[in-house]
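Each remark here refers to the structure printed beneath this line.
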Amino acid sequence: MKWTYNETIKMGTLNVRGMREITKREQIITHMQQHKIDIICTQETKIPSSPVENRRTHNFVFSSDSNNGTEHHGVGFCYNKKLEAYRNYYKQHSSHMIEMEINMHGNNLVILGVYIPHDDVREEKRTEVWDKLSERIRELTNNKNVVDRKSTRLN
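Heads up: the sequence shown begins at 516 in the working numbering, then just goes up one per residue.
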């Protein structure tokens, strides 16, 4: 099934500063419903694994590469279940990158949720994340259009 031309997808990003509490997930769903947001990319989830959670109206997908049961970063998606019919895949890359593809007319929409560590994190780790992001964008741009959030206003 393909997303129709006349429908919009409303997206956002949110640094959640931890999502271990179930109530935080419910707050995000409420916020999304109030503002009619379809997809939120979350950063700093601090979830030490990569679970998928199915709620009544929304799904959560978390990505972590923690190997010791702790997580200082973590990324994820929360998306409205109406998108499930159009979702081709999601891919949990690491604690810093997650990916989802939506089936559209023309080129499919690929969404990368990314968290780049702040300046207090050692430079090698930050460079590693930037390099992995650049590599994935190169792979994707061989056959897809890219929207840069910095230069494009998304409604």
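For every residue, glycine included, the Cβ atom is placed at its ideal position computed from N, Cα and C.
Whole-angstrom distance between residue j and residue i, CA atom to CA atom
i, j, result
"residue 469", "residue 651", "Any answer about residue 469 is impossible in this case: the structure gives the chain only from 516 up to 670."
"residue 666", "residue 526", "Residue placement at residue 666 is flagged as unreliable, the pLDDT there being 40, under the threshold of 50; the coordinate-derived value follows with that caveat. C-alpha separation (whole angstroms): 15 Å."
"residue 601", "residue 572", "15 Å"
"residue 668", "residue 569", "Interpretation of residue 668 is limited by its pLDDT of 41, a score under 50 that renders its predicted location unreliable; the figure taken from the coordinates is listed afterwards. Roughly 30 Å separates the two Cα atoms."
"residue 577", "residue 529", "14 Å"
"residue 540", "residue 629", "19 Å"
"residue 516", "residue 621", "13 Å"
"residue 518", "residue 636", "40 Å"
"residue 598", "residue 619", "11 Å"
"residue 560", "residue 656", "28 Å"
"residue 649", "residue 634", "19 Å"
"residue 639", "residue 534", "27 Å"
"residue 654", "residue 546", "34 Å"
Helix, strand or coil at residue i [DSSP, three-state]
i, result
"residue 651", "helix"
"residue 602", "strand"
"residue 520", "coil"
"residue 547", "helix"
"residue 537", "helix"
"residue 572", "coil"
"residue 557", "strand"
"residue 528", "strand"
"residue 644", "helix"
Own chain residues within Cβ distance below 6 Å of residue i, not counting five before or after
i, result
"residue 542", "none"
"residue 604", "616"
"residue 544", "573"
"residue 567", "576"
"residue 624", "617"
"residue 590", "558, 578, 613, 628 and 630"
Same chain, Cβ closer than 8 Å to residue i, five either side skipped, listed in chain order
i, result
"residue 536", "none"
Residues of its chain near residue i, where Cβ-Cβ distance is below 7 Å and the 5 sequence neighbours each way are ignored
i, result
"residue 641", "631 and 632"
"residue 670", "Below a pLDDT of 50, predicted positions are generally treated as unreliable, and residue 670, at 38, falls in that range; no measurement from the model is reported."
"residue 644", "611, 631 and 632"
"residue 673", "This structure cannot speak to residue 673, because the chain is shown only from 516 to 670."
"residue 594", "553, 554, 573 and 574"
Nearest neighbour of residue i, chosen from the options [CA to CA]
i, options, result
"residue 532", "550, 588, 628 and 622", "588"
"residue 596", "578, 554 and 609", "554"
"residue 565", "618, 581 and 551", "581"
"residue 647", "637, 613 and 622", "613"
"residue 627", "608, 619 and 636", "608"
"residue 556", "592, 548, 546 and 547", "592"
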